[in-house]
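Novice: Let me give you the structure first, and then I'll get to my questions.
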Amino acid sequence: MANRVLIVDDAAFMRMMIKDILSKNGFDVVGEAENGQVAVEKYAELTPDLVTMDITMPEKDGIQALKEIKAHNPNATVIMCSAMGQQAMVIDAIQAGAKDFIVKPFQADRVLEAINKALG
1 MANRVLIVDD AAFMRMMIKD ILSKNGFDVV GEAENGQVAV EKYAELTPDL VTMDITMPEK
61 DGIQALKEIK AHNPNATVIM CSAMGQQAMV IDAIQAGAKD FIVKPFQADR VLEAINKALG
């Protein structure tokens with residue numbers, strides 16, 4: 001069975017890029033969210049195997065959403081996405097339970113490497 005993924009990013013273009021990479025490599029993108037609040041709701045509804053989570057988003061940032069998802073399911077697998085220069089936030093995210101992080105702009109091989117490693 002294909003791994004089910006929830007993609008979270010406030011930029012539709014970034015969601016489309018990740019979705020394209022994952023779909024071409026056998027992953028099942030079960031949902032998308034444009035902010036952390038929607039991400040928490042969709043996680044509870046869809047129970048995906050993996051979440052790709054942008055850090056900087058309106059309404060609720062990725063780190064807060066990560067903490068809420070981890071409170072709901074301590075075993076949740078979340079990979080953070082960040083632009084260059086957000087190292088401090090990446091450290092916060094790893095401490096909050098993120099499995100890995102990928103840097104924008106996305107490179108397909110790095111995205112897949114991070115996801116395959118996180119899913120074990």
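So the sequence shown is numbered by UniProt numbering: it starts at 1 and just counts up by one.
All C-beta atoms in this analysis are idealised placements derived from N, C-alpha and C, irrespective of residue type, glycine included.
Here's the rule I'm using: 16 or more other beta-carbon atoms within 10 Å means buried, otherwise exposed. How should G120 be labelled?
Specialist: So G120 ends up on the exposed side.
Novice: Buried or exposed: I91, going by 16 or more other Cβ atoms within 10 Å of its Cβ?
Specialist: Flag for I91 reads exposed.
Novice: For F13, name the three-state secondary structure that DSSP assigns.
Specialist: Looking at F13 - three-state DSSP - the assignment turns out to be helix.
Novice: I need the straight-line Cα distance from K67 to A96, nearest angstrom please.
Specialist: Near 6 Å, if we compare the C-alpha coordinates of A96 and K67.
Novice: What are the complete beta strand (DSSP E) segments, minimum 3 residues, inside the UniProt domain "Response regulatory" (4–119)?
Specialist: Complete beta strand (DSSP E) runs here, min 3: 4–8, 28–33, 50–54, 78–82, 100–103.
Novice: Which same chain residues, not among the five before or five after K70, have their C-beta less than 8 Å away from its C-beta?
Specialist: These residues qualify, in order along the chain: A76, V78, A96, G97.
Novice: V30 and R4: beta carbons closer than 8 Å?
Specialist: Yes, they are a contact pair.
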